[in-house]
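In my numbering, the protein residues as written are 179 to 678.
Note that CB positions come from ideal geometry on N, CA and C, so glycine has one too.
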RNA sequence: GGUCAUGUGGCCGAGUGGUGAGGCACAGGUCUGCAAAACCUUAUACGGCGGUUCGACCCCGUCCAUGACCUCCA
């Protein structure tokens, strides 16, 4: 049984075979740190974090590279010759790098709360100006780029003509035909600098007011939109690497341009498997700056957004995303998030209980149930291998949760399940929930004082109940409930609690 | 306009040519001093219309609807 992933390039699921096993190179388009990350951004980083974890689980040695785009790009080509970052910097009276630092820090904070493992290398665009210039020089030398007035453009027409012969036409990833594109590109200012409308900027001359600028063979300027990813991915992962991930909205033109640049420089297509996650929608519409419908991650975490009925724990968001397949759209709503919150709690509580148990019998008393458990557990790997179907893995987990809770409540005798199945269940739950899905307990670890206080209240309530003083016992239960602490009377007479 | 997706029950969301994944909500039940939690059970479904097939939610055609990309965008 081997891992299969959907390759956007071939438009089908393919068996994943690293170029140089056991090493795997994975590049994921990172954030542009000119603003705060929103819910939509969480999806690729969680999706590819799970892939990263899973590849590690399978024994691969993965180098995970995710860039930080801190050299600004145009708001809109030609319309306003100002860098996103510099423009906002003026508004906020900040140094560009101060702004970049601020949003980079915020990004890292959000990633940590979502329990995403930091990438192996997190290169910045500003830290790789030299590499980008070198790459542009090579593109010019090879005849696929040209300079006009201090700016450099990529000659898409020539590229397409030459490389189509090798079966590498421009548009191969997104399924576009260049000839169809020409008519549909909008009329823009500054177009006269380009030979063709589909050409894209590699280097842009910096107008006087532009704060971020670097020396180059073509004068002072800053890198174009797509070159950083090509320069940095080839630097750290080689000319051809295994996986390139990112959001579907980057497929065209960003990833298409990356392919073109790298193909010219290295004479081969740079990526073996292109993986794209779909969008998070809100009322059926993509969450994005242009639609003015974004909910920032910090707002999600503390509930401060008009659309939010409450705060959502980062783990709820992670779980919410894992409940769908990464290639489908996922629609946000309070109802959906609240469902995820409850589901995650149920899963986690069953998991915590499970991990405290030991096998009750060497051989299963109920072979039918025992084999059902085995089958459900075996499904974890099977579904993950099928293009990371985390939704199906979770479905199996919930079927197991029902069994686990039944054992807990003694509806099912503990010895129904044999030792090997039981240990397998425990191990795989742990591996999947914690190591692969990266879920953590919602309850923040404290120094035990809160637990001590609660145990005291639980004892007092127990005593009250024993003497049928339900006024007192209910008061404790209800007041704690108001505080968001729920007491649960267990079948065995014990009492547990969960904190909302 | 071009290209490509999607349309599943109250909500979110998997999936397969042959008695309805899963989660949340809802209803009934068990348990409980009463609740909650947990467990059990039931219910509601595959955009419309054709076609292929013994049989289609799953294949084909068509229509409708929605969305994404074509411009910075996860």
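*asked:* Please classify residue 496 as buried or exposed, where buried requires at least 16 neighbouring CB atoms within 10 angstroms.
replied: In the first chain, counting from the first residue as 1, residue 496 sits at position 318. Around the beta carbon of residue 496, 16 or more other beta carbons lie within 10 angstroms, which makes this residue buried.
*Should residue 637 go down as buried or exposed, given a rule of 16 or more other Cβ atoms within 10 Å for buried?*
Counting from one through the first chain, the residue named residue 637 turns up at place 459. Classification of residue 637: exposed, given that the 10 Å Cβ count is below 16.
*Near residue 336, which residues of its chain fall below 8 Å by C-beta distance, leaving aside the five closest residues on each side in sequence?*
To locate residue 336, count along the first chain from 1; it is residue 158. Cβ within range, chain order: 321, 322.
_Using a Cβ-Cβ cutoff of less than 6 Å, which residues in the same chain neighbour residue 362 once the five nearest sequence positions on both sides are dropped?_
Along the first chain, read from residue 1 onward, the residue named residue 362 stands at position 184. The pLDDT assigned to residue 362 is 46, lower than 50, so where the model puts this residue is not dependable; a value taken from the coordinates is nonetheless given after this. Taking residue 362 as the centre and dropping the five residues before and after it, the same chain places no C-beta closer than 6 Å to its C-beta.
*Starting from residue 563, follow the alpha helix (DSSP H) in both directions and report where the run begins and ends.*
Along the first chain, read from residue 1 onward, the residue named residue 563 stands at position 385. Membership of residue 563 in the alpha helix (DSSP H) is indicated by the continuous run 545-563.
*Which word fits residue 457, buried or exposed, when buried means at least 16 other C-beta atoms lie within 10 angstroms of its C-beta?*
The sequence position of residue 457 within the first chain is 279, counting from 1. Counting Cβ neighbours within 10 Å, residue 457 comes out buried, since at least 16 surround it.
*asked:* Strictly by DSSP, which residues pair up with residue 382?
replied: For the purposes of this step, residue 382 is taken as residue 204 along the first chain, with counting starting at 1. Beta-bridge pairing links residue 382 to 400.
*Can you find at least 3 beta carbon pairs, one from the stretch 390-404 and one from the stretch 326-335, that sit closer than 8 Å?*
Segments in contact, yes.
*Which of helix, strand or coil DSSP assigns to residue 423*: Mapped onto the first chain, residue 423 falls at position 245. If DSSP states are grouped into helix, strand and coil, residue 423 belongs with the strands.
*When the distance is taken between beta carbons, is residue 524 closer than 9 Å to residue 415?*
Your numbering for residue 415 matches position 237 in the first chain. Your numbering for residue 524 matches position 346 in the first chain. In this structure, residue 524 does not lie closer than 9 Å to residue 415 by Cβ.
_Residue nearest to residue 526 in terms of C-alpha spacing, selected from 611, 486, 196, 512_ = For this step, residue 526 is matched to residue 348 along the first chain. Of 611, 486, 196, 512, the residue nearest in Cα terms is 611.
*Whole angstroms is fine: what's the gap from residue 494's alpha carbon to residue 518's?*
By 1-based counting over the first chain, the position of residue 494 is 316. By 1-based counting over the first chain, the position of residue 518 is 340. Rounded to whole angstroms, residue 494 to residue 518 spans 6 Å at the Cα level.
*Note down, in chain order, each residue of its chain lying with its Cβ closer than 7 Å to the Cβ of residue 364, except the 5 sequence neighbours on either side.*
As a working note, residue 364 is residue 186 in the first chain. For residue 364, the predicted structure reports a pLDDT of 47, less than 50, and the residue's modelled location is therefore unreliable. A value from the coordinates is still provided. Excluding residues up to 5 positions away in sequence, nothing lies with its Cβ nearer than 7 Å to the Cβ of residue 364 in the same chain.
*Beta-carbon separation of residue 425 and residue 455 under 9 Å?*
Counting from one through the first chain, the residue named residue 425 turns up at place 247. Counting from one through the first chain, the residue named residue 455 turns up at place 277. Taking a C-beta distance under 9 Å as the contact criterion, residue 425 and residue 455 qualify as a contact pair.
*When you compare only the Cα positions, how much space is there between residue 552 and residue 558?*
Along the first chain, read from residue 1 onward, the residue named residue 552 stands at position 374. Along the first chain, read from residue 1 onward, the residue named residue 558 stands at position 380. Near 10 Å, if we compare the C-alpha coordinates of residue 558 and residue 552.
*Can you give me the start and stop residues for the beta strand (DSSP E) that residue 292 sits inside?*
For the purposes of this step, residue 292 is taken as residue 114 along the first chain, with counting starting at 1. Note, residue 292: premise wrong, no beta strand (DSSP E); not H, not E.
_Alpha-carbon spacing of residue 475 relative to residue 217, whole angstroms_ = Translated into positions along the first chain, residue 475 becomes position 297. Translated into positions along the first chain, residue 217 becomes position 39. Their Cα atoms are separated by approximately 5 Å.
*Quick one: is residue 434 buried, meaning 16 or more other Cβ sit within 10 Å of its Cβ, or exposed?*
The residue given as residue 434 occupies position 256 in the first chain. It counts as buried.
*asked:* Can you find the residues in the same chain that come closer than 6 Å, C-beta to C-beta, to residue 180, ignoring five residues on each side of it along the sequence?
replied: Sequence index remark: in the first chain, residue 180 carries index 2 (1-based). Counting only Cβ-Cβ distances below 6 Å, and skipping sequence neighbours, we find 193.
*Let me know the secondary structure DSSP gives residue 438 once reduced to three states.*
Indexing the first chain from 1 puts residue 438 at position 260. Residue 438: helix per DSSP, three-state reduction.
*Whose C-beta lies closer than 6 Å to the C-beta of residue 763 among residues of the same chain, with five residues either side of it excluded?*
With the chain running from 179 to 678 in the structure shown, residue 763 is simply not present.
*How many Å lie between residue 301 and residue 634 at the Cα?*
The sequence position of residue 301 within the first chain is 123, counting from 1. The sequence position of residue 634 within the first chain is 456, counting from 1. CA-CA distance, residue 301 to residue 634, rounds to 52 Å.
*Taking Cβ to Cβ, would you say residue 297 is nearer than 9 Å to residue 206?*
The residue labelled residue 297 in the question sits at position 119 within the first chain. The residue labelled residue 206 in the question sits at position 28 within the first chain. With contacts defined by Cβ atoms closer than 9 Å, residue 297 and residue 206 form a contacting pair.
*List the DSSP bridge partners of residue 461.*
For the purposes of this step, residue 461 is taken as residue 283 along the first chain, with counting starting at 1. DSSP lists no partner for residue 461.
*Using alpha carbons as the reference points, say which of 589, 225, 482 lies closest to residue 668.*
Counting from one through the first chain, the residue named residue 668 turns up at place 490. Checked all of 589, 225, 482; the closest Cα to residue 668 is 589.
*When the Cα atoms are used, what is the spatial distance from residue 662 to residue 650?*
Here residue 662 is taken as the residue at index 484 of the first chain, counted from 1. Here residue 650 is taken as the residue at index 472 of the first chain, counted from 1. Here the alpha carbons of residue 650 and residue 662 stand approximately 18 Å from one another.
*How would you call residue 513, buried or exposed, if buried means at least 16 neighbouring beta carbons within 10 angstroms?*
Working through the first chain from its first residue, we reach residue 513 at position 335. Exposed, by the Cβ-count rule.
_Does the contact criterion of 3 or more C-beta pairs under 8 Å hold for the stretch 276-287 versus the stretch 208-216?_
Two segments are said to touch when three or more pairs of C-beta atoms, one from each, lie closer than 8 Å; by this definition the stretch 276-287 touches the stretch 208-216.
*asked:* Closest to residue 373 by C-alpha separation, out of 333, 387, 574, 486, would be which residue?
replied: Counting from 1 along the first chain, the entry for residue 373 is found at position 195. With distances taken between Cα atoms, residue 373 lies closest to 333.
*Proximity winner among 230, 381, 406, relative to residue 306 (alpha-carbon distances)*: Reading the first chain from its first residue, position 128 is the one you call residue 306. With distances taken between Cα atoms, residue 306 lies closest to 406.
*Should the stretch 588-608 be called in touch with the stretch 534-547, which here means at least 3 C-beta pairs below 8 Å?*
The answer is yes - the stretch 534-547 touches the stretch 588-608, with three or more Cβ pairs under 8 Å.
_Cutting at 6 Å between CB atoms, please list the residues of its own chain near residue 555, excluding the five before and the five after it._
Taking the first residue of the first chain as position 1, residue 555 is located at position 377. Answer for residue 555: 602, 603, 606, listed in chain order.
_Cα-Cα separation, residue 204 to residue 410_ = The sequence position of residue 204 within the first chain is 26, counting from 1. The sequence position of residue 410 within the first chain is 232, counting from 1. In this model, residue 204 and residue 410 are separated by some 12 Å (Cα to Cα).
*Near residue 346, what residues of its chain come up, given a Cβ to Cβ distance below 7 Å and the 5 sequence neighbours on each side ignored?*
Here the question's residue 346 lines up with position 168 in the first chain. The answer, listed in chain order, is 441, 447.
*Among 318, 579, 340, 349, which residue has its Cα nearest to the Cα of residue 521?*
For the purposes of this step, residue 521 is taken as the residue at position 343 of the first chain. Nearest C-alpha to residue 521 among 318, 579, 340, 349: 579.
_Taking only three categories from DSSP, how would you classify residue 185?_
Position 7 of the first chain holds residue 185. Reduced to three states, the DSSP call for residue 185 is strand.
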